[in-house]
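Chains as they are written, first to last, in numbering that gives the first Met the number 0: chain G, 0 to 344; chain R, 0 to 344.
For glycine and all other residues, C-beta sits at the position ideal for the given N, C-alpha and C.
Here's the structure, in structure tokens; my notes come after.
Protein chains: 2
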Amino acid sequence: MSAQSPIVDLPCALIGFNDLVALLHALFIKHGTSPEVAAILAHNCASAERDGAHSHGIFRIPGYLSTLASGWVNGHAVPRVTDVASGFLRVDACNGFAQPALEAARALLVDKARSAGIALLAIHNSHHFAALWPDVEPFAEEGLVALSVVNSMTCVVPHGADRPLFGTNPIAFAAPRADGPPIVFDLATSAIAHGDVQIAARNGERLPPGMGVDSLGQPTQDPRAVLEGGALLPFGGHKGSALSMMVELLAAALTGGNFSFEFNWADHPGARTPWTGQLLIVIDPSKTAGQSFAERSQELVRQMHAAGLRRLPGDRRHRTRAKSLEAGIEIDAKALQQLRELAGE
Amino acid sequence: MSAQSPIVDLPCALIGFNDLVALLHALFIKHGTSPEVAAILAHNCASAERDGAHSHGIFRIPGYLSTLASGWVNGHAVPRVTDVASGFLRVDACNGFAQPALEAARALLVDKARSAGIALLAIHNSHHFAALWPDVEPFAEEGLVALSVVNSMTCVVPHGADRPLFGTNPIAFAAPRADGPPIVFDLATSAIAHGDVQIAARNGERLPPGMGVDSLGQPTQDPRAVLEGGALLPFGGHKGSALSMMVELLAAALTGGNFSFEFNWADHPGARTPWTGQLLIVIDPSKTAGQSFAERSQELVRQMHAAGLRRLPGDRRHRTRAKSLEAGIEIDAKALQQLRELAGE
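Okay, structure coming up:
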């Protein structure tokens, strides 16, 4: 189950969400994390798999194990939270993963948002190797509005530049609504997510045009040419590029983390996780006058449907989630067997 | 100087920035605003003209006058500021323009951002008819990071929908840097700004492909077909569309303002200004540990230049500004004469 031995078109097995979490929990502990970190990463990774977000599900496990084995990230890190101001929290992830850093600050962040109306969490010295929507969705489930940005590693050519500088630098947003699950999106500011390029390469598929360039800076639709010395383009030309720049400023300059181009993992063969920063902003919409926010966002959804929009951002994930929770999560049988072996079962 | 009598290719006159502000100040007062509102709008509009942001400079004056004459907007409105929480301010613009509402709250907003680390300004019952960058740039000049979104009026078809629903819904961002003017961008989440479509129509130019649809929902490059019953598309496909949806949620649902599709100006012939809301978030980056934010953002700029980027967002505006302040602002001579007549000079 390494990047070199792709698994395609094999029989599927079904596994319950809690069973997958338990399996991944055991796997992470066996490969160098504390039980606390293992619990958080296992839940995060199983959630992505449950929701059909395959590029951030068990597909990521080899990368996690390889980066842990390399000593690049500290799987036992205990985040240090600093209460800076009534709306401002800082977390030093201590060279660990970003998700435990967020978890360590979550309760205080929510308290601050409810009290001050808005609160900011600046995480630095952190490694983010997962989807970004799991970081914001839980706030919306509590009635809060949340926005997060994280920078990653140099692989995107800024619009108008000659060579890559930015990361894929996603933006995720979540907002509650009255009659359904939160409105959630998570978009890479690159034209395509890095994980999707890896999956295309694994499956031998070509990329749509406009996604990337090869090692000579020429446009290419070959995912391997992008991965081997090439680079991605930002989405939406100069606008997506400006947003990617903003993510560098917010997730790195504002948190005290590294820019996407600043870390050097040359001494850690097998390292896969960008060592950067992450910013979260959480807002309490009950501070607004008038009708409740959730009623208003529901009205927007109603009108989006009336305008002919069949699918909202997040809809597909929620449908897959419901199916997975009812019938079990479909996983390639060989991959599941390999996970069990890696977990020592 | 109405939309029906385009002015093109005529001799240019030069006017100093302060003289243009004074001229527009007199003009606004004469056409239905208080001196306080006139001062703010005149400075805003002259700044856009000074910076070469023509779609939001004196090009907008006919629209301002038409909307004021229609009774749609209150040119004498006195904004009401409510101090909601340590990081949350609300302003009722009282059916006036958004810029005086921001001005009324600015000092308190800066105090809150410096004290809480982050602060939010929710403006509702407001009309925004100007560029968005002038709203954020001054915060960065004080060493703060600022983000603003404003929704507008139905003219953008959500990605995957059949008919328009969103506004052009711009996002503006400003951040200080050590060795130069702030990093500032202001981007419509539509593929093109509405003002640029109007200018293309005025000048008889065609639009690039992918910008808009005609009244039947078919792709068109004719700006008049877009303006007359057609609509714009979001930039960057589903990603730009998701961001536009976020702007509706932040600028309207979160402020208590109207969505872009909610107001009805049918009873106010000549009305031009969207009656919606605006959100600003201001962050104090000095709350971060480590090297100063301005040094870090300067490092990003250095690396962007080293990657071959010749022009940063905002560079062209700053160059035009320097030229305008030295040599005067170039304005079409007939247009300047018409401004003087409208101002009663």
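Could you tell me which chain R residues have their CB closer than 9 Å to the CB of residue i, listed as they occur along the chain?
i, result
"S243(G)", "Within 9 Å Cβ-Cβ: nothing; S243(G) doesn't reach chain R, min ~11 Å."
Could you tell me how far apart the beta carbons of residue i and residue j are, in whole angstroms, since I believe they sit closer than 8 Å?
i, j, result
"A270(G)", "S69(G)", "5 Å"
"L131(G)", "A326(G)", "Going by Cβ atoms, the distance from L131(G) to A326(G) rounds to 27 Å, so no, they are not a contact pair."
"T153(G)", "I170(G)", "Not a contact, Cβ separation roughly 18 Å."
"L253(R)", "A100(R)", "Between A100(R) and L253(R) the Cβ distance is about 15 Å, and since that is not below 8 Å, they are no contact."
"V155(R)", "P233(R)", "6 Å"
"A21(R)", "S114(G)", "That belief does not hold up - the Cβ atoms of A21(R) and S114(G) are roughly 46 Å apart, past 8 Å."
As a quick exercise: from the options, pick the residue whose alpha carbon is nearest that of residue i.
i, options, result
"L279(G)", "F58(G), Y63(G), L40(G), V90(G)", "V90(G)"
"A347(R)", "Q277(R), R310(R), G236(R), L108(R)", "Any question about residue 347(R) goes unanswered here, given that chain R covers just 0 to 344."
"A293(G)", "A173(G), D50(G), I39(G)", "A173(G)"
"V77(G)", "S33(G), D178(G), R223(G), F87(G)", "S33(G)"
"F58(R)", "L107(R), I282(R), A199(R)", "A199(R)"
"T275(G)", "L299(G), E340(G), E247(G), L146(G)", "E247(G)"
"V225(G)", "S240(G), A251(G), Q197(G), G255(G)", "Q197(G)"
"R176(R)", "A250(R), P137(R), R295(R)", "R295(R)"
"A160(R)", "S323(G), R301(G), Q337(G)", "R301(G)"
"D266(G)", "D185(G), L164(G), V72(G), P222(G)", "V72(G)"
"R79(G)", "G56(G), K29(G), S125(G), D110(G)", "S125(G)"
"D331(R)", "K238(R), G51(R), E261(R)", "G51(R)"
"I191(G)", "A251(G), C44(G), S240(G)", "S240(G)"
"F27(G)", "H55(G), A103(G), D18(G), Y63(G)", "Y63(G)"
"A288(G)", "G116(R), S214(R), G255(R)", "G255(R)"
"S65(R)", "P181(R), G31(R), F87(R)", "G31(R)"
I want to verify the contact list: residues of chain G whose CB lies under 8 Å from the CB of residue i, in sequence order.
i, result
"Q302(R)", "L164, F258, F260"
"S296(R)", "L248, A252"
"T275(R)", "The contacting residues do not exist; T275(R) stays about 13 Å from chain G at best."
"V144(R)", "L248, L249, L253"
"L101(R)", "The contacting residues do not exist; L101(R) stays about 17 Å from chain G at best."
Note down, in chain order, every chain G residue with its Cβ under 9 Å from the Cβ of residue i.
i, result
"S114(R)", "A84, S85, G86"
"A174(R)", "M245, L248, L249, A252, L253"
In three-state DSSP terms, what is residue i?
i, result
"F260(G)", "coil"
"V77(G)", "coil"
"C11(G)", "strand"
"A230(R)", "strand"
"T319(R)", "helix"
"V212(G)", "strand"
"M0(G)", "Because M0(G) sits at a pLDDT of 36, beneath the cut-off of 50, its placement in the model cannot be relied upon, and the point is left open."
"I198(R)", "helix"
"I6(R)", "Only weak support exists for where I6(R) lies, its pLDDT of 47 falling under 50; the value from the coordinates is given anyway. Three-state DSSP puts I6(R) in coil, outside helix and strand."
"V135(G)", "helix"
"G16(R)", "In the sequence on display, residue 16(R) carries Phe and not Gly. Helix at F16(R)."
"E344(R)", "coil"
"I191(R)", "coil"
"D110(G)", "helix"
"P218(G)", "strand"
"F128(R)", "coil"
"S46(G)", "helix"
"H237(R)", "helix"
"A270(R)", "coil"
"L338(G)", "helix"
"R223(G)", "helix"
Just grab the DSSP bridge partners of residue i for me.
i, result
"H123(R)", "D91(R), G276(R)"
"G70(G)", "Beta-bridge pairing links G70(G) to no other residue."
"I60(G)", "None; I60(G) has no bridge partner."
"I170(G)", "V148(G), L186(G)"
"D82(G)", "L88(G)"
"A118(R)", "V281(R)"
"E298(G)", "According to DSSP, E298(G) bridges with nothing at all."
"I328(R)", "I14(R)"
"F165(R)", "V155(R)"
"F96(G)", "H126(G)"
Using a cut-off of 7 Å between C-beta atoms, extract the partners of residue i located in chain R.
i, result
"G159(G)", "L308, R309, R310"
"F234(G)", "G235, K238"
"L231(G)", "Here the premise fails: no neighbours, minimum Cβ distance about 14 Å."
"F292(G)", "A252, L253"
"L279(G)", "Correct list: empty, because the minimum Cβ distance to chain R is about 11 Å."
Residues of chain R with a CB under 8 Å from the CB of residue i: which are they?
i, result
"R89(G)", "K286, T287, A288"
"I282(G)", "L119, L253"
So residue i contacts chain G; which residues on that side make the cut at Cβ distance below 7 Å?
i, result
"L186(R)", "K238, A241"
"L107(R)", "Result: empty, since nearest Cβ-Cβ is about 13 Å, beyond 7 Å."
"L131(R)", "Near L131(R) there are no residues of chain G at all, since even the closest Cβ is about 13 Å away, more than 7 Å."
Using a Cβ-Cβ distance under 7 Å, would residue i count as near chain A?
i, result
"L324(R)", "Checking the listed chains, one finds no chain A in this structure; the protein chains it contains are G and R."
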